[in-house]
Amino acid sequence: MAIYELGQSFFQGWGVPKNTKVGLGYFNISAELGYPEAIIDLAICYENGIALKRNMKQAAYYYRLAHSKGISFFGNSWIFKDKYLKPPIS
Numbered sequence: 025m026a027i028y029e030l031g032q033s034f035f036q037g038w039g040v041p042k043n044t045k046v047g048l049g050y051f052n053i054s055a056e057l058g059y060p061e062a063i064i065d066l067a068i069c070y071e072n073g074i075a076l077k078r079n080m081k082q083a084a085y086y087y088r089l090a091h092s093k094g095i096s097f098f099g100n101s102w103i104f105k106d107k108y109l110k111p112p113i114s
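Residue numbering for the sequence shown follows our numbering, starting at 25 and increasing by one per position.
So this is what it looks like as structure tokens:
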């Protein structure tokens, strides 16, 4: 998806000045459109506090969304624990 690739360009600084906030904005748009790679990137950013405040509930939400689209990661069973099943506060 082109909008996701544009986000990667800004996030990584590929051909444009690096701007992680702009990159995250494009990841959000791509995720809203259902693009699995963008959903995973958002989950990773929330889990590790990359370019935004760390939020494990938000990370779990995006990992579960990716899981519902057929993408899962080994060792991410924590995303199904009760404390992470409550909807995240946006």
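All C-beta atoms in this analysis are idealised placements derived from N, C-alpha and C, irrespective of residue type, glycine included.
- Straight across, the Cα-Cα distance linking TYR108 with VAL40 is about 36 angstroms.
- In its chain, beyond the 5 residues on either side, PRO60, ILE63, ILE64 have a beta carbon closer than 6 angstroms to the beta carbon of ALA90.
- In the DSSP assignment, ILE27 falls within the unbroken alpha helix (DSSP H) covering 26-36.
- In this structure, the straight-line span from the alpha carbon of LYS105 to that of ASN79 is close to 15 angstroms.
- Residue burial is scored here from C-beta neighbours: ALA26 has fewer than 16 other C-beta atoms within 10 angstroms and is therefore classed as exposed.
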